[in-house]
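Written out below as structure tokens is the structure these notes cover.
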Amino acid sequence: MVENRPLATVTTHVVLILGIVFLCFPVWVALVASTHPGEALARSPIPLWFGTQAVENYTQLLTAGVPAAGGVPLATMMFNSLIMALGITLGKIAISLLSAFAIVYFRFPLRMLFFWLIFITLMLPVEVRILPTYDVIASLGMLNSYFGLIIPLIASATATFLFRQFFLTIPDELVEAARMDRAGPIRFFWDILLPLSRTNIAALFIILFIYGWNQYLWPLLITTDQDLYTIVMGIQRMVNVGEGIPIWHYTMGTAILAMIPPVLVVLAMQRLFVKGLVESEK
Amino acid sequence: MQKRVVFRHRWLPYLLLAPQIAVTLIFFIWPAYQALETSFFLEDVFGFNRTFVWFENFTALFSDGSYLRSFWTTLIFGLSVTLLSMSTALALAVAANRVLRGKMSYRTFLIWPYAVAPALAGVLWFFMMNPSLGIVAYMLESTFGVDWNHYVNGRQALLMVIVAAAWKQISYNFLFFLAGLQSMPKSLIEAAAIDGASPARRFWTICFPLLSPTTFFLLVVNLVYAFFDTFAIIHATTSGGPADATAILVYKVYSTGFVGQDYGSSAAQSVILMALVIAMTVVQFRFVERKVQY
Amino acid sequence: MADLKLNGVGKTYAGGVSAVADATFEIADAEFIVLVGPSGCGKSTILRMIAGLEEITEGDLQIGGRVVNAVEPGDRDIAMVFQNYALYPHMTVRGNMSYGLRNQGMPKAEIDTRIAEAARFLQLEPYLDRKPRALSGGQRQRVAMGRAIVREPSVFLFDEPLSNLDAKLRTQLRAELKDLHKRLGATFVYVTHDQIEAMSLADRIVIMSSGKIEQIGTPMDLYTNPASTFVAEFIGAPPMNVLQASGQAARELLSLAPDAPADLGFVGVRPEFLKVGDTGVKAHVTLVEPLGAETLVHLALGPDKMIMRGGQDHVFEAGSEITLTLAPSDLRFFDPSGRRISAA
Numbered sequence: 001m002v003e004n005r006p007l008a009t010v011t012t013h014v015v016l017i018l019g020i021v022f023l024c025f026p027v028w029v030a031l032v033a034s035t036h037p038g039e040a041l042a043r044s045p046i047p048l049w050f051g052t053q054a055v056e057n058y059t060q061l062l063t064a065g066v067p068a069a070g071g072v073p074l075a076t077m078m079f080n081s082l083i084m085a086l087g088i089t090l091g092k093i094a095i096s097l098l099s100a101f102a103i104v105y106f107r108f109p110l111r112m113l114f115f116w117l118i119f120i121t122l123m124l125p126v127e128v129r130i131l132p133t134y135d136v137i138a139s140l141g142m143l144n145s146y147f148g149l150i151i152p153l154i155a156s157a158t159a160t161f162l163f164r165q166f167f168l169t170i171p172d173e174l175v176e177a178a179r180m181d182r183a184g185p186i187r188f189f190w191d192i193l194l195p196l197s198r199t200n201i202a203a204l205f206i207i208l209f210i211y212g213w214n215q216y217l218w219p220l221l222i223t224t225d226q227d228l229y230t231i232v233m234g235i236q237r238m239v240n241v242g243e244g245i246p247i248w249h250y251t252m253g254t255a256i257l258a259m260i261p262p263v264l265v266v267l268a269m270q271r272l273f274v275k276g277l278v279e280s281e282k
Numbered sequence: 001m002q003k004r005v006v007f008r009h010r011w012l013p014y015l016l017l018a019p020q021i022a023v024t025l026i027f028f029i030w031p032a033y034q035a036l037e038t039s040f041f042l043e044d045v046f047g048f049n050r051t052f053v054w055f056e057n058f059t060a061l062f063s064d065g066s067y068l069r070s071f072w073t074t075l076i077f078g079l080s081v082t083l084l085s086m087s088t089a090l091a092l093a094v095a096a097n098r099v100l101r102g103k104m105s106y107r108t109f110l111i112w113p114y115a116v117a118p119a120l121a122g123v124l125w126f127f128m129m130n131p132s133l134g135i136v137a138y139m140l141e142s143t144f145g146v147d148w149n150h151y152v153n154g155r156q157a158l159l160m161v162i163v164a165a166a167w168k169q170i171s172y173n174f175l176f177f178l179a180g181l182q183s184m185p186k187s188l189i190e191a192a193a194i195d196g197a198s199p200a201r202r203f204w205t206i207c208f209p210l211l212s213p214t215t216f217f218l219l220v221v222n223l224v225y226a227f228f229d230t231f232a233i234i235h236a237t238t239s240g241g242p243a244d245a246t247a248i249l250v251y252k253v254y255s256t257g258f259v260g261q262d263y264g265s266s267a268a269q270s271v272i273l274m275a276l277v278i279a280m281t282v283v284q285f286r287f288v289e290r291k292v293q294y
Numbered sequence: 001m002a003d004l005k006l007n008g009v010g011k012t013y014a015g016g017v018s019a020v021a022d023a024t025f026e027i028a029d030a031e032f033i034v035l036v037g038p039s040g041c042g043k044s045t046i047l048r049m050i051a052g053l054e055e056i057t058e059g060d061l062q063i064g065g066r067v068v069n070a071v072e073p074g075d076r077d078i079a080m081v082f083q084n085y086a087l088y089p090h091m092t093v094r095g096n097m098s099y100g101l102r103n104q105g106m107p108k109a110e111i112d113t114r115i116a117e118a119a120r121f122l123q124l125e126p127y128l129d130r131k132p133r134a135l136s137g138g139q140r141q142r143v144a145m146g147r148a149i150v151r152e153p154s155v156f157l158f159d160e161p162l163s164n165l166d167a168k169l170r171t172q173l174r175a176e177l178k179d180l181h182k183r184l185g186a187t188f189v190y191v192t193h194d195q196i197e198a199m200s201l202a203d204r205i206v207i208m209s210s211g212k213i214e215q216i217g218t219p220m221d222l223y224t225n226p227a228s229t230f231v232a233e234f235i236g237a238p239p240m241n242v243l244q245a246s247g248q249a250a251r252e253l254l255s256l257a258p259d260a261p262a263d264l265g266f267v268g269v270r271p272e273f274l275k276v277g278d279t280g281v282k283a284h285v286t287l288v289e290p291l292g293a294e295t296l297v298h299l300a301l302g303p304d305k306m307i308m309r310g311g312q313d314h315v316f317e318a319g320s321e322i323t324l325t326l327a328p329s330d331l332r333f334f335d336p337s338g339r340r341i342s343a344a
């Protein structure tokens with residue numbers, strides 16, 4: 001369309017740049033802060049350009065952690081986060097694929113009951129049933145374990161729903177052709193359904209990885225053993241150290257380290273990420 | 001919608017469903033039931049005895065001033081977060097949809113905060129607004145003469161968590177608004193342009209009404225986000241303070257149960273929240289299914 | 001080899017809805033049978049029951065003398081070509097064609113031989129390593145046939161295989177199909193709603209309407225001796241003129257045929273048997289459609305309407321009046337329920 005309004009075009013770009021500044025500024029401040037020695041952040045105004053302590057600060061964080069906040073090396077925390085994120089992601093995808101397959105491609109007694117049982121979980125975020133869920137984990141002896149961190153979070157109505165929707169769009173004739181080709185249910189699932197779901201699996205992987213990595217309340221409850229701390233939840237202890245000890249440079253360094261993996265995933269796989277996000281919510 | 005052709009098997013479907021159902025039953029249904037049960041009991045301090053008290057836990061809650069205040073806090077918090085992040089995101093999406101060059105790079109710079117954990121968003125803003133060294137607090141004081149201290153000022157504390165929560169959610173809303181705008185038929189806009197409508201008029205009379213399904217969907221999603229997922233923001237920064245000024249309902253469930261050890265009351269709060277989530281989900285399903293449109 | 005016998009085959013769905021009732025007919029080995037009828041007449045259901053994709057709820061089905069009601073589709077010695085081809089989108093052409101063979105556990109060397117053979121046969125050799133989405137509609141159709149051929153089944157089933165193609169390609173592939181049938185010497189069962197396809201392909205046609213078989217016969221048999229008004233109006237383009245026996249047009253035409261049977265319900269005449277003559281029945285020309293070799297002439301006799309196929313020997317003009325004549329033996333008589341009454 002022909003549109004000749006220079007003012008409108010300028011305004012458009014100004015709005016976008018202001019938006020980007022608003023979104024990026026906190027991270028910029030954090031990034032800068034993480035390169036200064038602790039004393040530089042003791043008085044206002046704090047510096048807005050990089051300091052010289054980047055290497056020292058990050059080495060300290062990754063290998064030894066923050067002594068005032070338990071002294072767990074961040075490398076350990078990030079490893080725990082990775083295990084948890086991957087565990088949750090792969091677990092959710094696996095069990096959701098299987099249950100969506102069962103619900104779409106079989107007719108069996110109680111099918112609708114199971115269907116609704118799964119979809120009720122959509123309605124119950126962890127936050128609203130913290131205490132009883134904690135009791136269950138405790139009585140199963142799953143506190144302070146990777147299992148405790150992962151298993152309770154792998155039931156997912158969202159992923160099941162997404163795969164169900166996708167399976168429903170696969171033409172019936174494909175199943176019929178497979179049956180003509182002597183493929184039973186397992187073979188059909190493995191040879192045809194799974195390869196066809198590749199893009200959906202990849203898109204979902206990104207969303208779920210971010211979800212898993214960013215878990216906060218759950219690791220907070222399940223882990224009392226420092227060696228199992230995840231980074232997103234670990235930062236909370238640094239914040240709570242209080243005003244007396246100047247560790248903001250470490251705290252901000254931790255924040256940066258904690259956001260790097262999920263942000264990288266989003267940026268590197270932007271197209272899949274957008275697809276996954278938009279479709280998993282529909 | 002159903003498949004015309006299905007496989008026949010006696011036990012395979014149950015086997016396929018077993019993992020999902022097991023996890024659902026053990027970690028979802030059973031705890032939810034426990035919460036429901038516990039909410040009808042009063043437990044003594046040592047946890048040895050419990051008495052069935054009917055709705056006492058609930059009536060106690062609703063006559064408790066601090067719980068009722070928490071309702072208000074949650075409502076103000078939820079609406080502010082939703083309004084702030086959605087309006088900002090809409091403006092950005094409209095702008096991004098207008099630009100011809102650099103669309104993709106703008107998008108890239110606008111979507112990454114989605115990946116930032118709520119807890120981290122809270123910590124970032126907590127640092128920026130720190131009364132003694134926060135850069136934003138400093139600017140507020142030097143430019144506007146505002147004495148910023150969220151450690152003592154409840155309103156300021158609430159404002160801080162609102163900004164942090166909205167900041168994180170902008171990307172999400174932006175993506176959905178942008179998708180909504182891009183799926184809009186170009187011919188409609190062109191028809192309006194030929195009818196002589198100015199760009200602003202075109203937006204308010206054509207685009208905005210056509211976006212209503214997206215807007216409604218986001219409204220519900222944002223409220224759910226603000227009510228439940230922001231727990232981490234509050235826990236990592238203000239811990240509900242000062243003086244409960246930022247204690248939203250989910251935070252209350254946690255602090256009553258884990259800090260205050262009052263299981264009956266915490267369970268009753270859980271039940272109330274579950275009812276709230278279910279109500280919101282039903283509303284979302286009914287409207288989204290019907291696609292809010294003309 | 002494979003002859004098929006359907007004995008009182010029927011399909012009633014769980015809700016009590018009957019899709020096919022009491023279908024009884026035989027298909028000889030190496031015969032090309034076309035099931036034709038309007039959509040919803042049950043022709044696809046019969047094909048799917050033969051394939052084993054739908055359960056047979058009444059009667060029994062034999063393939064090569066063996067009752068196969070309870071046999072899995074993969075074990076019926078059949079192959080099927082679907083309307084939308086149903087190619088596995090993530091597999092190459094080769095993968096698509098070999099999948100069924102691999103599932104049977106056939107040795108790789110033999111699979112390769114069969115694929116090479118079928119690919120040459122169908123001129124698919126350059127495309128063997130492409131994915132279906134990189135092929136045109138006609139090529140996809142050939143792959144779907146290739147997938148059926150490599151299995152060397154004794155019965156091929158086709159479910160409207162040409163309906164997704166454009167008209168030109170359809171004509172071309174129709175000829176190829178007929179040729180394929182001749183060369184393979186297998187039994188073909190073919191479903192279509194297109195009567196031209198049915199006429200041009202079939203050895204015998206099974207024409208169906210609302211779950212029941214109306215008539216079985218060779219194409220010419222159905223064309224010249226339709227068993228009911230339904231068949232008369234379904235086969236042929238334009239179809240047979242079927243007139244209410246009590247109407248003005250029928251009464252005037254019957255005056256040319258002195259020995260018409262009693263109890264008439266309807267009278268039928270094919271458009272090409274109406275001729276322009278010196279004496280006979282007067283009719284108004286309402287519309288003329290010149291098609292080159294022939295001209296379709298729309299006629300009105302009072303309130304009744306007919307179509308005649310005119311040759312190049314006469315110039316028709318809309319609005320004019322012509323005199324129609326016909327040979328009495330070209331009239332077809334039907335009783336009030338629409339069944340054919342053979343000439344007395």
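Listed in order, the protein sequences are those of chains G, Z and A.
full-length UniProt numbering puts the first residue of the first sequence at 1, with every later residue one more than the last.
full-length UniProt numbering puts the first residue of the second sequence at 1, with every later residue one more than the last.
full-length UniProt numbering puts the first residue of the third sequence at 1, with every later residue one more than the last.
Note that the Cβ used here is the ideal one computed from N, Cα and C, for glycine as well.
Quantities reported herein were computed from a predicted structural model and do not represent experimental measurements.
G/Met252 versus G/Ile235 - alpha carbon distance: 9 Å
Selection from A/Asn241, A/Leu184, A/Gly211, A/Lys212 that minimises the alpha carbon distance to A/Tyr223: A/Asn241
Chain G residues whose Cβ lies nearer than 9 Å to that of A/Tyr127: Under the 9 Å cutoff, chain G gives no residues; its nearest Cβ is about 19 Å from A/Tyr127.
Assigned secondary structure, A/Ala19 (DSSP; H/G/I helix, E/B strand, else coil): strand
Amino acids of chain A, ordered along the chain, whose beta-carbon sits closer than 7 Å to that of G/Ile192: Tyr88
Short CB-CB distance (under 8 Å) between residue 284 of chain G and chain Z: The first residue shown for chain G is 1 and the last is 282, placing residue 284 of chain G beyond what the model contains.
Three-state class that DSSP yields for Z/Met160 in the structure shown: helix
Residues of the segment 196 to 219 of chain G whose Cβ lies closer than 9 Å to any Cβ of chain A, in chain order: Leu196, Arg198
DSSP state of A/Val285 mapped onto helix, strand, coil: strand
Short Cβ contact (8 Å threshold) for A/Phe32 with A/Val206: no
Cα-Cα separation between G/Asp268 and G/Ser81, rounded to whole angstroms: Reading the sequence as shown, one finds Ala at residue 268 of chain G and not Asp. One C-alpha to the other measures close to 19 Å.
Backbone secondary structure at A/Asn7 - three-state DSSP: strand
Euclidean distance between Cα positions of A/Tyr13 and Z/Gln261: 59 Å
A/Glu58 in three-state terms, based on DSSP: strand
Best match in A/Leu173, A/Glu152, A/Ile307 for proximity to G/Met180 [C-alpha to C-alpha]: A/Glu152
G/Arg187 at chain A interface by Cβ criterion, 8 Å: yes
Neighbouring residues, chain G, relative to A/Asn84 (Cβ below 7 Å): Pro171, Glu173
According to DSSP, residues forming a beta bridge with A/Leu296: A/Glu289, A/Arg309
Collapsed DSSP secondary structure at A/Phe266 in the structure displayed: strand
Under 8 Å between C-beta atoms of A/Lys178 and A/Leu157: no
Beta-carbon proximity of A/Ile235 to A/Pro271, cut-off 8 Å: no
Interface partners of Z/His9 on chain G, CB under 9 Å: Phe106, Phe108, Gly184, Pro185
For A/Gln244, the three-state DSSP class (helix, strand or coil): strand
Cβ pair count under 8 Å reaching 3, the segment 116 to 124 of chain Z against the segment 230 to 243 of chain Z: yes
Chain A contact for G/Arg179 (CB, 8 Å cutoff): yes
Alpha carbon of G/Val72 to alpha carbon of G/Gly38, nearest angstrom: 19 Å
CB contact below 8 Å: residue 295 of chain Z versus chain G: Past the boundaries of the shown model lies residue 295 of chain Z; chain Z is included only from 1 to 294, so the question cannot be answered.
Assigned secondary structure, Z/Lys291 (DSSP; H/G/I helix, E/B strand, else coil): Residue confidence is low: Z/Lys291 scores 47 on pLDDT, short of 50, so the model does not pin down where it sits. Its coordinate-derived value is still stated next. Coil at Z/Lys291, not helix or strand.
Exposure of A/Arg76, with buried meaning 16 or more beta-carbon neighbours within 10 Å: buried
For A/Ala14, the three-state DSSP class (helix, strand or coil): coil
Three-state class that DSSP yields for A/Ala344 in the structure shown: With a pLDDT of only 45 at A/Ala344, under the threshold of 50, the placement of this residue in the model should not be trusted; the figure read from the coordinates follows. Three-state result, A/Ala344: coil.
Residue closest to Z/Phe7, alpha-carbon to alpha-carbon, out of G/Arg129, G/Phe101, G/Asp135, G/Thr224: G/Phe101
G/Pro87 at chain Z interface by Cβ criterion, 8 Å: It is Gly, not Pro, that sits at residue 87 of chain G in the sequence shown. No, its Cβ sits nowhere closer than 8 Å to a Cβ of chain Z.
Residue burial classification, A/Gln123 (beta-carbon count within 10 angstroms, cutoff 16): exposed
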